[in-house]
Amino acid sequence: SAMKAFNEEFDKDQQRIILALNRLDMDNKWRADTLSVPDKFDETLMRYSPFPAHIAKLDKVDKIAFFSYPIQAYALYEHGKLVKWGPTSMGKKTAQTKRGLMFANWKKELAISTVDSDWKLPYNFNIHNTLGIGWHEYDLPGYPA
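Counted from 1, the sequence shown has number 1439 at position 37 by this note's numbering; the numbering is strictly sequential.
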């Protein structure tokens, strides 16, 4: 099967990179019908960044995070330098995440959603108290969720 070939051809680090580039995680790798595979592997993902390595206008900004709906990815900058980027799963069409400049107002190692108390949100950075907007660890299903 394709999954068997994937598991045999690539080691765990390479699999993680391939899945990240395809907006998937190990729990959702079975969802893929097609995968983009790099010809060279860089475990930091920085080689594959769709974001610029440096933004001069941000040189005086301590820290900022960007989220992109079109590419379903985030970027973290410190003093204008890209320090990390990765895949994300932003809101689906019927529940889109608000766009624009926002600020994190608190963070918690494990938060309970104000929208649905069954939702446990690991490593949550709260963005909006009443709209249920936050940045947190969760599954990467390969599509906006």
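Ideal Cβ positions, reconstructed from N, Cα and C, are used throughout, including at glycine.
Being a predicted model, the structure only gives us computed values, none of them experimental.
Neighbourhood of V1517 by C-beta, 6 Å cutoff - its chain only, sequence neighbours within 5 removed: G1534
For N1424, the nearest candidate out of Q1474, I1457 and L1503 (CA to CA): Q1474
Sub-8 Å separation of N1528 and K1509 beta-carbons: yes
DSSP bridge partner residues for I1420 (one or two, in chain order): For I1420, which the question treats as bridged, DSSP gives no partner whatsoever.
Cβ shell of V1485 (< 7 Å), same chain only, five flanking positions each side left out: L1478 and Y1479
Any chain D beta carbon closer than 8 Å to S1438: Among the chains in the structure shown there is no chain D, since it carries only a single protein chain.
Reduced DSSP category for N1409 - H, G, I as helix; E, B as strand; rest coil: helix
Terminal residues of the beta strand (DSSP E) in which Y1479 lies: A1475 to E1480
Expected contact under 8 Å - CB spacing of H1456 and K1483 to nearest Å: 6 Å
Where W1432 sits in the DSSP three-state scheme: helix
Through-space distance from E1445 to I1419, alpha-carbon basis: 7 Å
Distance, F1408 Cα to D1435 Cα: 12 Å
Expected contact under 8 Å - CB spacing of F1453 and F1468 to nearest Å: Between F1453 and F1468 the beta-carbon gap is near 7 Å, inside 8 Å, which marks them as a contact.
Where Y1540 sits in the DSSP three-state scheme: coil
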